[in-house]
Amino acid sequence: MGAIHVDGLRKSYGSVTAVDGMEFAVDRGELYGFLGPNGAGKTTTIRVLTGQIQPDSGDISVLETDPVAEPIETRRNVGILPEQGSPPSFLTPREYLEFVGEVRDLEPERVAEQTAMWADRLGFESKLDTLHTDLSRGQQQKVMIAQAFVHEPDVVFIDEPLANLDPLVQEQVKQFLVSYAAGDNAVFVSTHNIDVAEEICTRVGIVADGQLVTERSLTDDDGDESLLEVFLDRVEGEDARDTPTLEHLDA
Amino acid sequence: MTEATTPEQVGSGTGAGLSTRRLLAVLFREEWRLHTQLFGGWRFALFPLVIAVLAVSGTVALVETGTATETVIGGLHVLAFAFGLYSGTAGFAGSDMLENVFGRLSLLLSSSTTLPLSRRRLLGAFLLKDALFYGVAFVLPMALGSVAVDGLSATTPLSIGLFWLSLCLVFAVGMATTVALITVRTRGAPPWAIGLAIAVAVVGIWATGGLGTLRTVLVPIDGSAVTAGGLTAVTLVVAAGSLLLYDPTYGRPSRTATDRFAALSEALPIDNAALVTKSLLDLARSSGGVWKPFVSAGILLALVAALVGVVDSITGIAPAPGIFFGGVLGLSAFTTYNWLTQFDSLEAYLTYPVSIEDVFRAKRIAFVLVGAPTVAVPYLAAVLWFDATLPDAVVGAVLLAGYALYYYGLTVYIAGFDPNEFLFDAVRFATFTLGVAVALVPTLVAGFVVIPPSLELVAGLGVAGIGLGVVGIVLSSRAGPRWDARYRTE
């Protein structure tokens, strides 16, 4: 069943075209990796799909809701983990999750349960009453992950999910994302990290210059090329692999 | 985004690292780009012109209405000193608000953590750059006010130059004072002790009759060259000493808090209580807590009280205190709203199922909850202290409420979620100033001229207060859709 549908999406900032005719679809049960270099249009696409900004043109829907016409309804149905860290806030993680629960119309008891579960899962129980602004960036990221899932949404948009997390927590988050998508939810992950995408995603879309240049299923064994090779081919072209820098990377 | 120093620039190939001259040049370029990126080049470039127009026209108006020239000169020096106090905080992106305002913008300032540059040296250069930049861009236009005091003559350029130097000196005194206070804080002095020391100093000067001496020192153009030289030397010593003693490794321990969100949100019988609660807790738990708006209103109260005293001493007639204080204290709406928007960003709210209109509505409720006691307490103190008549006190209260809502609406409509930044946008600042003047100038004139206020005046001002309050509510209601359109179609 379709969870996210994008057709002919365009978005410019002044004279700069950020998204230029993007097309893709994501079904429930998929963990979709959105791969691309800096400035490829990944974050802009997420911001459009979650109703934060309006596109110039294109047909889009998220859970059969139009984010342009119904941005708040769209955001009610989805979870969002933004790329940028949260702004300085003087709420504690416990209070912040209460805040998120209240703006999402959740019962306080459910929020308390979710808070306890996420604090235990990501290991921030001891920080539940520390002011958010005084937490380390990794701890702040854990709280932001929790807020994206606190209402158990059917679709989640995540921009760089593992940023600032230690390896142990990274592993837990990766396993959770895989299991969450398997529970008939759609998880849309924007990342630069090709290894992570290859490890957890069911399908990836590679974007460059505001366009989807290729898609690849990672559940089937299709082709001899690694995802890194596909990425380099589509984004930089074949010549890119011959540069000294890339040889160094391979080594 | 502003430009950071590159490793090549740091090395400069000389083996001596980045020269101070080169460092200053990069800092100047960053400062310019920061402002021009925020507002557009010409809108920022015009800002000194707006200040010049305001300084000259304001000074002319004050002189023509009989205000003593010493008072006008003293007032301009107070403004320069206050601006210096504010500017001195810019280099120390450590406090909550400054981290929010400057932290993400000033790349070079934070590059001492990644480049082989001493943070102390970088801060020194940053503050020197600020002193020079603002000395030219803002203090120089203020100095043009001397034309209105001295009149035009062959020596006008010289008098402007001397007046500028005088203003620059007190501006530097303000900066050095702030730097010294922050240094003391980084050495472990608790905020209450610093506040107590300031209060004791102020009371001590007042009680010992030292205000006259203080004025002589802090208005160098009216004092001797020796006094000005002494002040310059002391300022340099304090600034240099503060930089030497400043502890760049200072950091606050993690703070904890008991859960107040749910109870407070439940106690607010309104829509979007969560958004209001977040704003209130952010304000209450940030440095200075809920006292910040009170301090801002208190400073405004002290300035107006001093002005009333001056007018009384010159003309022998005290203005109607209710009308006067009611009209002016409403201006604290700007600072109160500014405090309420320092700790979050509109973009962050767009990840939740709330509209921009909801966010602005919540800010308005938070503004009323914080702003009402913030202005009510100083207003009551003023009308009791100055023995206002009952009609005067009542109409002043109406003016205070109405004008505060009006100034708030004006700020929100013009500046959206970034009231602090629009101070440097010539067009928005001029619009805001005009909007304030339309309400405030006739009110102050009426408060000066008709004493005690007649019933007709009381009725007229009461209607004006209510009317402008309604205008303020309309403006703040329309701010949501206006800024929603801007943010979503960026």
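Just so you know, the protein sequences line up as chains A and B, in that order. Oh and the first sequence: position 36 is 36 in UniProt numbering, straight run, nothing missing. Oh and the second sequence: position 471 is 471 in UniProt numbering, straight run, nothing missing. Note that CB positions come from ideal geometry on N, CA and C, so glycine has one too.
Straight-line gap, residue i to residue j (C-alpha atoms, nearest Å)
i, j, result
"Arg21(B)", "Ile182(B)", "26 Å"
"Ser95(B)", "Val184(B)", "Low confidence applies to Ser95(B): its pLDDT is 45, below 50, so where it sits in the model is not reliable enough to give any reading."
"Gly13(B)", "Val26(B)", "Bear in mind that the predicted position of Gly13(B) carries a pLDDT of just 39, short of 50, making it too unreliable to give a figure here."
"Gly480(B)", "Gly75(B)", "37 Å"
"Ala82(B)", "Ala131(B)", "13 Å"
"Gly416(B)", "Gln54(A)", "19 Å"
"Leu410(B)", "Asp120(A)", "47 Å"
"Ser12(A)", "Ser57(B)", "44 Å"
"Glu236(A)", "Val230(A)", "10 Å"
"Leu177(B)", "Thr256(B)", "One detail in the question is off: residue 177(B) reads as Thr in this sequence, not Leu. So the alpha carbons of these two residues sit roughly 31 Å apart."
"Phe424(B)", "Thr59(B)", "21 Å"
"Arg29(B)", "Val213(A)", "39 Å"
"Glu266(B)", "Ala273(B)", "8 Å"
"Leu283(B)", "Leu461(B)", "33 Å"
"Leu18(B)", "Leu122(B)", "11 Å"
"Gly174(B)", "Val78(B)", "10 Å"
"Ile473(B)", "Leu405(B)", "7 Å"
"Leu440(B)", "Asp484(B)", "30 Å"
"Ala154(B)", "Val53(B)", "21 Å"
"Gly135(B)", "Ala172(B)", "9 Å"
"Ser15(A)", "Asp105(A)", "40 Å"
"Arg285(B)", "Phe360(B)", "21 Å"
"Tyr246(B)", "Glu125(A)", "36 Å"
"residue 516(B)", "Tyr86(B)", "Outside the displayed range of chain B (1 to 490) lies residue 516(B), so it cannot be described from this structure."
"Ala362(B)", "Arg76(A)", "19 Å"
"Val471(B)", "Ile356(B)", "20 Å"
"Arg478(B)", "Lys278(B)", "22 Å"
"Trp206(B)", "Ala426(B)", "38 Å"
"Thr489(B)", "Arg482(B)", "11 Å"
Pick from the options that is closest to residue i, judged by C-alpha positions
i, options, result
"Tyr349(B)", "Phe176(A), Asp7(A) and Gln147(A)", "Gln147(A)"
"Val173(A)", "Val78(A), Glu199(A) and His192(A)", "Glu199(A)"
"Leu128(A)", "Gly204(B), Asp259(B), Val147(B) and Trp164(B)", "Asp259(B)"
"Leu144(B)", "Pro293(B), Gly161(B), Ala154(B) and Thr177(B)", "Gly161(B)"
"Thr443(B)", "Val463(B), Val53(B), Ala426(B) and Phe28(B)", "Val463(B)"
"Val187(A)", "Ile72(A), Val103(A) and Asp159(A)", "Asp159(A)"
"Glu215(A)", "His5(A), Lys142(A), Pro71(A) and Ala25(A)", "Ala25(A)"
"Leu122(A)", "Val207(A), Ala112(A), Val143(A) and Leu218(A)", "Val143(A)"
"Ser454(B)", "Thr389(B), Pro419(B) and Phe429(B)", "Thr389(B)"
"Asp195(A)", "Val111(A), Glu171(A) and Leu227(A)", "Leu227(A)"
"Arg137(A)", "Ile60(A), Leu162(A) and Thr17(A)", "Leu162(A)"
"Gln139(A)", "Ser61(A), Ala112(A), Gln170(A) and Val68(A)", "Gln170(A)"
"Ile60(A)", "Leu9(A), Val204(A) and Asp184(A)", "Leu9(A)"
Contact check, residue i vs residue j, beta carbons under 7 Å
i, j, result
"Val276(B)", "Ile365(B)", "yes"
"Pro373(B)", "Val458(B)", "no"
"Phe138(B)", "Ile198(B)", "no"
"Lys42(A)", "Gly51(A)", "no"
"Ser242(B)", "Val179(B)", "yes"
"Pro48(B)", "Pro157(B)", "no"
"residue 507(B)", "Leu400(B)", "Absent from the structure is residue 507(B), since the part of chain B shown begins at 1 and ends at 490."
"His103(A)", "Tyr352(B)", "Reading off the sequence shown, one finds Val at residue 103(A), where the question assumed His. Yes, the Cβ-Cβ distance between Val103(A) and Tyr352(B) is below 7 Å."
"Tyr407(B)", "Ala333(B)", "yes"
"Gly447(B)", "Pro319(B)", "yes"
"Pro293(B)", "Val202(B)", "no"
"Val383(B)", "Gly322(B)", "yes"
"Gly210(A)", "Asp20(A)", "yes"
"Thr202(A)", "Thr191(A)", "no"
"Phe157(A)", "Ile72(A)", "no"
"Ala3(A)", "Val207(A)", "no"
"Phe133(B)", "Glu31(B)", "yes"
"residue 498(B)", "Ser166(B)", "Residue 498(B) cannot be examined here, being either before or after the span of chain B that is shown, 1 to 490."
Point to revise | Sequence ranges, alpha helix (DSSP H) only - wholly within the segment 405-451 of chain B, length at least 4 | key: 426-449
Review point. On the three-pair Cβ rule with 8 Å, is the segment 63-75 of chain B touching the segment 205-224 of chain B?
Key: yes
Check your understanding: Touching or not, the segment 166-173 of chain A and the segment 149-157 of chain A, by the rule of three or more beta carbon pairs under 8 Å?
Key -> Judged by Cβ distances under 8 Å, the segment 166-173 of chain A makes no contact with the segment 149-157 of chain A, as fewer than three pairs qualify.
Review point. Taking the runs of the alpha helix (DSSP H) that are 4 residues or longer, which of them lie wholly in the segment 220-271 of chain B?
Key: 225-245 and 261-267
Practice item. Below 7 Å between beta carbons is the criterion; list the residues of the segment 326-357 of chain B that meet it against any residue of chain C, in chain order. Key: Of the protein chains in this structure, namely A and B, none is chain C.
**Study point:** Stretch pair the segment 385-400 of chain B + the segment 326-336 of chain B: three plus CB contacts closer than 8 Å
**Key:** Contact between the segment 385-400 of chain B and the segment 326-336 of chain B is present: 3 or more CB-CB pairs across the two stretches fall below 8 Å.
Review point. Taking three-plus beta-carbon pairs below 8 Å as touching, is the segment 15-33 of chain A in contact with the segment 174-183 of chain A?
Key: yes
Practice item. Output the residue ranges of the alpha helix (DSSP H) runs that lie fully inside the segment 38-117 of chain A and measure 4 residues or longer, sorted by chain position. Key: 42-49, 71-77 and 93-103
Review point. Fully enclosed by the segment 313-357 of chain B, which alpha helix (DSSP H) runs are 4 residues long or longer?
Key: 321-329, 332-340 and 346-349
Review point. Touch check for the segment 88-103 of chain A and the segment 130-143 of chain A: three-plus C-beta pairs under 8 Å?
Key: Three or more Cβ pairs drawn from the segment 88-103 of chain A and the segment 130-143 of chain A lie within less than 8 Å of each other, which places the two stretches in contact.
Review point. Could you give the uninterrupted runs of the beta strand (DSSP E) lying entirely in the segment 159-192 of chain A, keeping only those of 3 residues or more?
Key: For secondary structure counted as the beta strand (DSSP E) over 3 or more consecutive residues, the segment 159-192 of chain A holds these complete runs in sequence order: 186-191.
**Study point:** Runs of alpha helix (DSSP H) lying entirely within the segment 7-88 of chain B, each at least 4 residues, in chain order
**Key:** 7-11, 20-39, 41-45, 47-64 and 69-87
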